[in-house]
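Enquirer: Residue numbers (my numbering): 47 to 375.
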């Protein structure tokens, strides 16, 4: 696995030039993204101007027809421009990931596989049992597959949602989208199959209640809260398991320290599950993780450093959790 010095070399020897080329495209995409708002503003200004002109008898009502048509044309162009802008951003993002994101991950580790339009499967997401609500909408991208030492892993960005419908006083039905999870999903094969089901959660009371509902489906036994000796860990995380003895084998002092380090670094709600032969880890993010910046320049080295750090999370988890070591030996 390469080092940040290799990333700096890659940036100086090609990525910076590529980013400069994308900067020109970014400005075009930005203009297309702003065009619906511009069209809406123009239609509002024409409408206000028309009313003022009619009020002051600057034009006759019989002469207002062409202006009304113009208002409707400009206003309805607002909706078509939204679609055009979205397609422009999607095309720009696909090129960006091919030319910028993929080389960054290959610089990090040439053997890792990156598929920008693929993700962790819904079946794997469901197997983690970290989220109790079955998603109606399941989207993801930026799948990474590889190994660190002897340990294989997969990770991707995911967005899962469910919908509810409500009826207002006029009898109109409205659909609302509710996010179950948005962020980073990591999974790896552990070095031994678990007899029990252990879950570690950092978050508010709703996060904890939702994460622990998975025990009703685990069929591993009755869950119980686990009290561990590390006071800092106990302040950050809540642990439940169906096997108290096994959970203590898993959550060694080193493992607890590793989870503390990951939590301190990202400072986001986090869930971890140890079940069957797998470890699953999720970190919530409100932003899209690997999408190109549109609203501001992305030429600076900080841009590629941020992408590098996110991909390094895969290695950080395996190293921090010591997944290459047989803790059961």
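Idealized CB from N, CA, C, for every residue including glycine. Being a predicted model, the structure only gives us computed values, none of them experimental.
Residue 224 to residue 335, Cα distance in whole Å?
Expert: Residue 224 and residue 335 have their C-alpha atoms roughly 20 Å apart.
Enquirer: Considering Cα atoms alone, identify which of 55, 161, 171 and 58 is closest to residue 229.
Expert: That would be 171, whose Cα lies nearest to the Cα of residue 229.
Enquirer: What are the boundary residues of the alpha helix (DSSP H) that includes residue 309?
Expert: 299-312
Enquirer: Note down the Cα distance separating residue 303 from residue 283, rounded to an integer number of angstroms.
Expert: 12 Å
Enquirer: Drop a sphere of 10 angstroms on the beta-carbon of residue 221, count the other beta-carbons inside from all chains shown, and report buried for 16 or more, exposed for fewer.
Expert: exposed
Enquirer: Starting from residue 352, follow the alpha helix (DSSP H) in both directions and report where the run begins and ends.
Expert: 347-366
Enquirer: Taking the alpha-carbon positions, what's the residue 347 to residue 189 distance?
Expert: 23 Å
Enquirer: Going by other Cβ atoms of all chains shown within 10 Å of its Cβ, with 16 needed for buried, is residue 187 buried or exposed?
Expert: Residue 187 should be labelled buried.
Enquirer: With three or more beta-carbon pairs closer than 8 Å as the criterion, would you say the segment 303-315 touches the segment 262-275?
Expert: no
Enquirer: By Cβ distance, which residues of its chain are closer than 8 Å to residue 198, with the 5 residues on each side in sequence left out?
Expert: 191, 192, 234 and 235
Enquirer: Do residue 329 and residue 316 have their C-beta atoms closer together than 9 Å?
Expert: yes
Enquirer: Between residue 206 and residue 232, which are expected to be in contact by the criterion C-beta below 8 Å, what is the C-beta distance as a whole number of angstroms?
Expert: Not confirmed; about 15 Å, so no contact.
Enquirer: Going by DSSP, which residues form a beta bridge with residue 204?
Expert: For residue 204, which the question treats as bridged, DSSP gives the partners 186 and 229.
Enquirer: Give the range of the alpha helix (DSSP H) segment to which residue 54 is assigned.
Expert: For residue 54, the enclosing alpha helix (DSSP H) begins and ends at 50-56.
Enquirer: Residue 162 lies in the alpha helix (DSSP H); which residues open and close that run?
Expert: Note, residue 162: premise wrong, no alpha helix (DSSP H); not H, not E.
Enquirer: Rounded to whole angstroms, what is the Cα-Cα separation between residue 86 and residue 212?
Expert: If you take the alpha carbons of residue 86 and residue 212, they lie about 29 Å apart.
Enquirer: Determine the contact status of residue 179 and residue 244, defining contact as a CB-CB distance below 9 Å.
Expert: no
Enquirer: Is it true that the CB of residue 160 sits closer than 9 Å to the CB of residue 68?
Expert: For residue 68 and residue 160, no; Cβs fall outside 9 Å.
Enquirer: Within the same chain, show all residues whose beta-carbon is closer than 8 Å to that of residue 292, passing over the 5 residues directly before and after it, in chain order.
Expert: 240, 241, 242 and 244
Enquirer: Quick check: what's the CA-CA separation for residue 51 versus residue 270?
Expert: 46 Å
Enquirer: List, from N- to C-terminal side, the beta strand (DSSP E) runs of 3 residues or more that fit wholly inside the segment 250-301.
Expert: 284-287
Enquirer: Do the segment 351-360 and the segment 273-289 meet, that is, are 3 or more Cβ pairs less than 8 Å apart?
Expert: no
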